[in-house]
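One structure is given here, and the rest of the page talks about it.
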Amino acid sequence: MAATGWLGLTSLGIVHTAISLIAVIAGLIALFRYREITLRTGWGRAFVWTTVLTCLTGFGIFQHGGFGKPHALGILTLAALAMGAAAGRGAFFGQASRYVEAVAFSASFLFHWIPAFTETLTRLPLGAPLLPNADAPELKAITAVLGVLYLVGVTLQIKRLRGGKPVSPAPVRAGS
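Letter by letter, the sequence shown follows residues 70 to 245 in the working numbering.
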């Protein structure tokens with residue numbers, strides 16, 4: 070087992086957590102500033118690339134002995150990012166591209182919050198975490214609330230997109 074440091078995290082865990090915090094901040098700024106996450110904005114691009122790095126670093130963390138739910142979530146997140154990027158370029162989805170982009174990138178944003186709550190509530194406060202483990206019923210309730218917030222957020226984004234009020238500064242170019 071790897072040596073642990075700050076908050077019981079390995080060196081890779083610390084790097085992974087730092088990158089994920091940058092991704093979440095970039096995602097929040099993109100959502101508040103542009104009301105969507107898209108590769109058409111710098112904050113959207115920062116979110117996507119730091120989320121990719123979060124997933125990749127997460128694949129090297131085996132806190133529970135092997136491939137587990139967090140790794141599966143990382144694969145699902147990368148798939149959502151790929152779908153959002155393809156949709157943002159207008160590929161495959163035709164007139165639904167902007168909607169698919171919003172749904173996919175919003176899903177990848179949601180996927181940050183599930184491990185964030187799980188890791189925080191099962192680690193802190195140090196020595197007496199609020200929840201005993203990742204299977205605690207409270208985490209299932211939190212995940213359900215996050216799911217509802219995701220549905221509300223995506224619904225609002227789709228309504229805005231249908232209203233024809235583009236917020237993003239420019240379309241994604243092939244080389245950017």
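Every residue gets a Cβ at the ideal spot worked out from N, C-alpha and C, and that includes glycine.
I'd like to check one pair, residue j with residue i: are the Cβ atoms closer than 8 Å?
{"i": "Leu145", "j": "Phe180", "result": "yes"}
{"i": "Thr126", "j": "Val84", "result": "yes"}
{"i": "Arg104", "j": "Arg229", "result": "yes"}
{"i": "Tyr219", "j": "Ser177", "result": "no"}
{"i": "Thr123", "j": "Leu150", "result": "no"}
{"i": "Thr187", "j": "Ala197", "result": "no"}
{"i": "Trp182", "j": "Leu147", "result": "no"}
{"i": "Thr86", "j": "Leu97", "result": "no"}
{"i": "Ile130", "j": "Leu81", "result": "yes"}
Between which two residues does the alpha helix (DSSP H) harbouring residue i extend?
{"i": "Gly88", "result": "Note that residue 88 corresponds to Ile in the displayed sequence, not to Gly. Ser80 to Tyr103 is the extent of the alpha helix (DSSP H) around Ile88."}
{"i": "Leu125", "result": "Gly111 to Gly127"}
{"i": "Phe186", "result": "Ser166 to Arg192"}
{"i": "Leu195", "result": "Here Leu195 belongs to no alpha helix (DSSP H), and DSSP marks it neither H nor E."}
{"i": "Thr107", "result": "Run containing Thr107: none; DSSP gives neither H nor E here."}
{"i": "Gly143", "result": "Lys138 to Gly157"}
{"i": "Glu213", "result": "In the sequence as displayed, the identity of residue 213 is Ala instead of Glu. Residues Pro206 to Arg231."}
Excluding five sequence neighbours on each side, which residues of the same chain lie with their C-beta closer than 7 Å to the C-beta of residue i?
{"i": "Leu108", "result": "Arg114, Val117, Ala154, Gly157 and Val241"}
{"i": "Thr100", "result": "Sequence check: residue 100 is Leu here, not Thr. Ile106."}
{"i": "Val169", "result": "Met152, Ala156 and Phe162"}
{"i": "Tyr200", "result": "According to the sequence provided, residue 200 is Leu. The question's Tyr does not apply to it. Closer than 7 Å at the Cβ level, and outside the excluded window around Leu200, lie Leu190, Thr191, Glu207 and Leu208."}
{"i": "Pro238", "result": "At Pro238, the pLDDT of 47 sits below 50, so the modelled position is not reliable; the number obtained from the coordinates is stated separately. Hits under 7 Å: Arg109 and Thr110."}
{"i": "Gly143", "result": "Cys124, Gly127 and Phe128"}
{"i": "Val236", "result": "Since pLDDT at Val236 reaches only 49, below the 50 mark, its modelled position is unreliable, and the value read off the structure follows with that caveat. For Val236, where only same-chain residues beyond five positions count, the Cβ hits under 7 Å are Tyr103, Arg104 and Glu105."}
{"i": "Trp112", "result": "Ala95, Ile98, Ala99 and Arg102"}
Residues in the same chain with beta-carbon distance under 8 Å from residue i, minus the five sequence neighbours each way, listed in chain order, please.
{"i": "Ala205", "result": "Leu190 and Thr191"}
{"i": "His140", "result": "Gly127 and Phe128"}
{"i": "Ala185", "result": "Ser89 and Val93"}
Nearer than 7 Å: is that true of the beta carbon of residue i relative to any heavy atom of the ligand MG?
{"i": "Ala213", "result": "Annotation note on the ligand MG: not contained in the displayed structure, which lists no ligands."}
What does a CB cutoff of less than 6 Å around residue i pick up in its chain, not counting 5 residues either side in sequence?
{"i": "Arg167", "result": "Leu230"}
Looking at C-beta atoms only, is the number of pairs between the stretch 207-221 and the stretch 134-150 that lie closer than 8 Å three or more? Because the criterion of three Cβ pairs below 8 Å is not met, the stretch 207-221 and the stretch 134-150 do not touch.
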